[in-house]
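Peer 1: So the mapping is simple: my numbering equals the position in the sequence shown, first residue as 1, plus 956. Can you read through this structure? Questions will come right after.
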Amino acid sequence: MAEAGERRGPAIEPREIAQDGSAALRITWADGLVCHYQAAELRRSCPCAQCVNEWTGQRMLKPETVSEDLSMKDISVVGRYALNFRWSDGHETGIYSFRYLRELCESSEESGRMKAE
């Protein structure tokens, strides 16, 4: 049985993934929500073991070390569940699940860092 907080279906299924220039990404979800992501904010949110301590969950990446001028050199789909980015700073080990990307959009919508329509 699915946990109460677990999401399934359209909320975590992208209908369209589009790069907007070299520093922005737009995902249109199957439920109609459109999320806009900036490269620097995505990089600061990298979930990989180099950026987040696997044992404690503490973020190791210092946000101020990520330039606002960061760009996406390449984006690839991982299976049917995630995206992987190759950033202009050389980092490329983060796997961003669709669920994580949706959560980033929804949580940052309140703070104004990323935009949802």
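Where a beta carbon is used, it is the ideal one built from N, C-alpha and C, also for glycine. On a predicted model such as this, the values are computed, not experimentally measured, just so you know.
Identify, in the order they occur along the chain, each residue of the same chain with its Cβ nearer than 7 Å to the Cβ of Pro1019, setting aside the five sequence neighbours on each side.
Peer 2: Closer than 7 Å at Cβ, skipping near neighbours: Arg1000.
Peer 1: Could you check what DSSP says for Arg999 in three-state terms: helix, strand or coil?
Peer 2: Arg999: helix per DSSP, three-state reduction.
Peer 1: Got a sec? Which residues, its chain only, sit under 6 Å from Arg1078 by beta carbon, not counting five neighbours each side?
Peer 2: As shown, the chain starts at 957 and ends at 1073. That puts residue 1078 outside it, with no answer to give.
Peer 1: Could you tell me the distance, in whole angstroms, from the CA atom of Val1033 to the CA atom of Glu972?
Peer 2: Each residue's alpha carbon lies about 12 Å from the other.
Peer 1: Count the other CB atoms, across all protein chains shown, that sit within 10 Å of the CB of Gly1050; report buried if there are 16 or more and exposed otherwise.
Peer 2: Gly1050 is buried by the Cβ-count criterion.
Peer 1: If you draw a straight line from the alpha carbon of Thr984 to that of Ile968, how long is it in whole angstroms?
Peer 2: So the two alpha carbons sit approximately 10 Å from each other.
Peer 1: My output table needs one value for Thr984: the three-state DSSP class, helix, strand or coil.
Peer 2: The answer is strand: DSSP assigns Thr984 an E or B state.
Peer 1: From Ser1027, Val990, Ala1005 and Glu1062, pick the residue whose C-alpha is nearest to that of Gly1046; which is it?
Peer 2: Nearest C-alpha to Gly1046: Ser1027.
Peer 1: Closest to Lys1062 by C-alpha separation, out of Leu989, Asp1030 and Pro970, would be which residue?
Peer 2: Checking the sequence shown, residue 1062 turns out to be Glu, not Lys. Out of Leu989, Asp1030 and Pro970, Leu989 has the C-alpha closest to the C-alpha of Glu1062.
Peer 1: Would you list the one or two residues that DSSP bridges to Phe1041?
Peer 2: BP columns for Phe1041 point to Ile1031.
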